[in-house]
Ligand code: F0G
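Residue numbers (the working numbering): 352 to 711.
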């Protein structure tokens with residue numbers, strides 16, 4: 352069973368012979384072409400859309416790529432406890448990898464703002480779960496403060512090895528496509544992942560593994576869009592709780608990714624996010640959590656605004672979209688989105704057939 356560390360060891364210089372590899376066989380997630388979704392988004396026909404479905408990682412999100420690195424390095428340095436702040440997925444990954452390593456984990460969460468599936472993961476993996484009366488940004492400040500003065504390994508993405516692990520998703524995309532995509536669309540919260548992808552694409556390009564680097568297209572939620580608005584958001588607010596962040600730790604990394612790649616970072620409304628979330632599931636059979644729909648909604652907005660209109664019509668192009676987490680993380684949102692779809696019916700053949708009229 353090997354994960355991203357074994358797959359990409361020569362490109363992960365933090366890993367040495369002294370590093371015990373703590374893995375759950377993360378990575379190697381599918382890159383799935385999405386032609387029906389492409390039509391829903393409205394991209395021109397020569398632009399192929401591919402979904403990098405990170406929900407297929409062992410704890411159901413991309414966080415596992417960084418966490419195999421962070422927990423392996425923590426164990427290497429003799430840490431007995433890891434700690435993170437989280438909107439949910441980081442805590443799920445930290446607690447799972449800590450359990451795998453046989454060490455303890457502490458997770459600091461914004462009370463009432465973490466999706467049910469994520470909370471259940473941290474609890475069942477044995478983390479000490481602390482819910483604070485504050486948001487993610489408050490939680491991260493507290494964790495940084497405590498880890499600076501106590502023998503606890505910090506496993507948020509301010510720990511640089513997290514970003515190193517996460518860059519492997521860009522390697523996998525290039526390995527699968529045979530070259531880098533022309534555009535890469537991604538949700539942005541604390542901004543570690545956009546920073547990591549950009550690094551991965553640049554490194555592969557420098558190593559001669561790709562002929563180009565993609566334009567990085569980042570998307571934030573309207574009520575939590577500090578990078579778009581240009582200033583910190585004190586009370587971030589969105590139904591996409593994974594990216595409910597007002598002061599991203601990797602702010603500079605995200606801006607560099609945007610500017611160096613010739614890309615952009617825009618914001619989309621919760622209504623656009625929910626529509627895209629349902630469209631991914633209904634058009635392609637892929638269940639991703641709400642935050643993942645931000646880049647899908649964003650691409651639709653760009654297509655409507657003519658962003659892709661200058662692409663040459665006779666040359667195929669590709670856009671990859673990272674679907675960062677699994678839809679089962681947040682079952683409440685799915686049910687809220689389509690609860691009206693449940694029809695109560697008598698347990699009788701005729702009554703059931705009456706409901707199926709539209710198919711005949
Ligand atoms: N999508 C999902 C599903 C996430 O969980 C996160 C971040 C992001 C996107 C944004 O990635 O922070 O690297 O820009 N979740 C963190 C957490 C904050 O605590 O689980 P980012």
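For each residue, glycine too, the CB sits at the ideal point set by N, CA and C. Because the structure is a prediction, the values reported are computed rather than measured.
Alpha-carbon spacing of residue i relative to residue j, whole angstroms
| i | j | result |
| --- | --- | --- |
| residue 537 | residue 405 | 12 Å |
| residue 430 | residue 469 | 24 Å |
| residue 666 | residue 628 | 29 Å |
| residue 704 | residue 669 | 44 Å |
| residue 373 | residue 686 | 36 Å |
| residue 587 | residue 574 | 6 Å |
| residue 435 | residue 708 | 53 Å |
| residue 683 | residue 648 | 20 Å |
| residue 419 | residue 375 | 8 Å |
| residue 592 | residue 698 | 39 Å |
| residue 424 | residue 506 | 10 Å |
| residue 426 | residue 626 | 43 Å |
| residue 464 | residue 495 | 20 Å |
| residue 481 | residue 501 | 17 Å |
| residue 633 | residue 565 | 28 Å |
| residue 554 | residue 612 | 13 Å |
| residue 551 | residue 526 | 12 Å |
| residue 594 | residue 474 | 21 Å |
| residue 361 | residue 367 | 10 Å |
| residue 692 | residue 471 | 26 Å |
| residue 579 | residue 563 | 26 Å |
| residue 737 | residue 711 | For the chain, the structure presents residues 352 to 711; residue 737 sits outside this window and is missing. |
| residue 499 | residue 671 | 38 Å |
Beta-carbon gap between residue i and residue j smaller than 7 Å
| i | j | result |
| --- | --- | --- |
| residue 517 | residue 583 | no |
| residue 569 | residue 624 | no |
| residue 689 | residue 605 | no |
| residue 510 | residue 421 | yes |
| residue 391 | residue 561 | no |
| residue 488 | residue 581 | no |
| residue 414 | residue 441 | yes |
| residue 610 | residue 512 | no |
| residue 490 | residue 497 | no |
| residue 398 | residue 659 | yes |
Best match in the options for proximity to residue i [C-alpha to C-alpha]
| i | options | result |
| --- | --- | --- |
| residue 445 | 466, 428, 409 | 409 |
| residue 679 | 412, 450, 662, 455 | 412 |
| residue 532 | 455, 473, 685, 402 | 402 |
| residue 492 | 688, 520, 461, 466 | 461 |
| residue 529 | 504, 556, 508, 506 | 556 |
| residue 664 | 548, 395, 441, 606 | 395 |
| residue 458 | 438, 452, 467 | 438 |
| residue 640 | 359, 407, 362, 453 | 407 |
| residue 635 | 358, 384, 369, 362 | 384 |
| residue 576 | 563, 360, 645, 638 | 645 |
| residue 524 | 382, 711, 700, 387 | 382 |
| residue 637 | 387, 358, 371 | 387 |
Same chain, Cβ closer than 8 Å to residue i, five either side skipped, listed in chain order
| i | result |
| --- | --- |
| residue 706 | 694, 696 |
| residue 476 | 443, 446, 447, 449, 450, 456 |
| residue 548 | 517, 518, 520, 521, 535, 537, 567, 608, 673 |
| residue 369 | 427 |
Rounded Cβ spacing between residue i and residue j (contact assumed at less than 8 Å)
| i | j | result |
| --- | --- | --- |
| residue 546 | residue 590 | At roughly 25 Å, the Cβ-Cβ gap does not stay under 8 Å, so residue 546 and residue 590 are not in contact. |
| residue 433 | residue 503 | 7 Å |
| residue 572 | residue 603 | At roughly 21 Å, the Cβ-Cβ gap does not stay under 8 Å, so residue 572 and residue 603 are not in contact. |
| residue 621 | residue 467 | So it is not a contact: roughly 19 Å between Cβ atoms. |
| residue 614 | residue 643 | Actually they are not in contact, since the Cβ atoms of residue 614 and residue 643 sit about 18 Å apart, beyond 8 Å. |
| residue 651 | residue 485 | Residue 651 to residue 485, Cβ: 34 Å. No contact. |
Residue-chain proximity (residue i, chain D), Cβ-Cβ < 7 Å
| i | result |
| --- | --- |
| residue 542 | The question asks about chain D, but that chain is absent: this structure has only one protein chain. |
Cut-off 6 Å between Cβ atoms - residues of its own chain near residue i, not counting five sequence neighbours on either side
| i | result |
| --- | --- |
| residue 601 | 542, 543, 546 |
| residue 389 | 400 |
| residue 354 | 374, 376, 377, 378, 419 |
| residue 454 | 431 |
Close-in-space but distant-in-sequence residues of the same chain around residue i (CB under 7 Å, 5 per side omitted)
| i | result |
| --- | --- |
| residue 558 | none |
| residue 508 | 417, 514, 541, 543, 600, 601 |
| residue 585 | 597 |
| residue 662 | 395, 397, 398, 668 |
| residue 656 | none |
| residue 452 | 373, 422, 426 |
| residue 371 | 423, 426, 427 |
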